[in-house]
Every structure is written in structure tokens, then in C-alpha cells.
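Inspection log for the structure reproduced underneath, given as C-alpha cells.
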Amino acid sequence: MGSVMAIASKKDFPLRVDFNYTLLKYPGSFQATLMQVSHTMHRALYSAHVNMGIIQINMRQIPALLKTAVMLITQASTSLNKAMLPRTLASIGRFANESAAAARASLDQFEILQALLQEVLEVTTVTGSHNKEIAEKLATEADELREETKEMDKIVANISAHYDAARKDLGKVRQDYHAAMMDVPGDGWDSHAWNV
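Under my numbering, think of the first position of the sequence shown as -14, with each following residue one higher.
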């Protein structure tokens, strides 16, 4: 869990919005989701620790109570048996019921944790698939843009080549014009010809 949290601490991302969340409180943040899982896990483990202590204390009482019950059944008088045996068996039953309730409480915490982890697994799988689809779409668009850029580069190169050819032709036409104007008789044409 620590490794996943360390990796997730670099970049946070939201989970799917259109998912039906039942246990996740913060689907807008994967880091907050991991914190929720961590706290739920801590609660389950702490509950198990405390409840196992309760069960252990209760189970330590049962052997002595069983010995008392066996002694009452085998050695005590009927009146003492009627007075003490129900209390002894009730104590055994109470300790067993308390232990079962403690175990059930721990089990409930672990079932909540399991359901939360299942929901996180489902939503991260769906989110991962969705993100993969988006990444594939973006990669396709990037490839298309690269192809369009190549085509545009070809068009620009073609236009540039035509422009260079037109400049050369224009330079040649200017030289021809200049030569033709120089061949025209008279003085006045020189200044007028250069103004064109």
C-alpha cells in the first residue's frame, strides 16, 4: 500500500465521473481514494486487534468455567447443581456470545474493506481503460497532425520553389526591360523608365 501511495503522490488524477460509486467518498482524487482505503484498512486491522484481545480474555475464562461445570455435574449435590450449573453455563454462553460478536464486528470491518477494494479495483480498471482509449485517440490525432504537417511542409516547399522561380523570372524580365529601355532612342525615357 505504501508503494502505491508513493507512486500516486507524484501526480494525482480523477477517477471516472460516470461510475456508480457506493463506498468511495472522493472520486475526484486518486490520492484521496488511497487515503480512504488506508484509513479503512487501519480501522479493520485495529478492530481485529482489539477484538482479538477481547476474544482472548474471554477464552481464558472458559476452561475454568468448564472445570467448574464438570465438577458440579460429577461431584456436587443436586441442589448445588441446580443453583450453580445454570450460572456457570450462562457465563460460558455469555463469553462465547461476546467473543462471537467481537469476531463478527471484525469480520464486518474486513467485509467493508473488501467491498471498498473491489470498488477501487473496478473503477481504476474502467478509468485505466478510458484513459487508454483517450491516449490511443490522442496518438491517432498526433499521427494525423504529423501527416498534415508533412503535407503542409511539402506544399510550403512547392510554393517556395514556385516563388523562387517567379523571382528569377521577374529578375530576368526586369533585366530584359532595362535592356529594352536602354535601346529606346531619346534622353527622356531613361528617367521615366526607371520610375516604372
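Virtual Cβ for every residue (Gly too), placed ideally from N, Cα, C.
Secondary structure of Arg79 (DSSP, three-state): helix.
Ranked by Cα distance from Gly38, the options Ile77, Thr110, Ala87, Ala68 are led by Ala87. Assigned with DSSP and collapsed to three states, Leu8 falls in coil, not helix or strand. Comparing alpha-carbon positions, the option among Ala164, Leu101, Ala90 lying closest to Tyr11 turns out to be Leu101.
With contacts defined as CB atoms closer than 9 Å, Arg28 and Leu98 qualify as a contacting pair.
For Lys(-5), no alpha helix (DSSP H) run applies, since DSSP gives it neither H nor E. When rounded, the separation of the alpha-carbon atoms in Ile40 and Leu92 is 13 Å. At the C-beta level, Asn36 and Ala90 come within 9 Å of one another. If you draw a straight line from the Cα of Leu51 to the Cα of Met69, it comes to about 12 Å.
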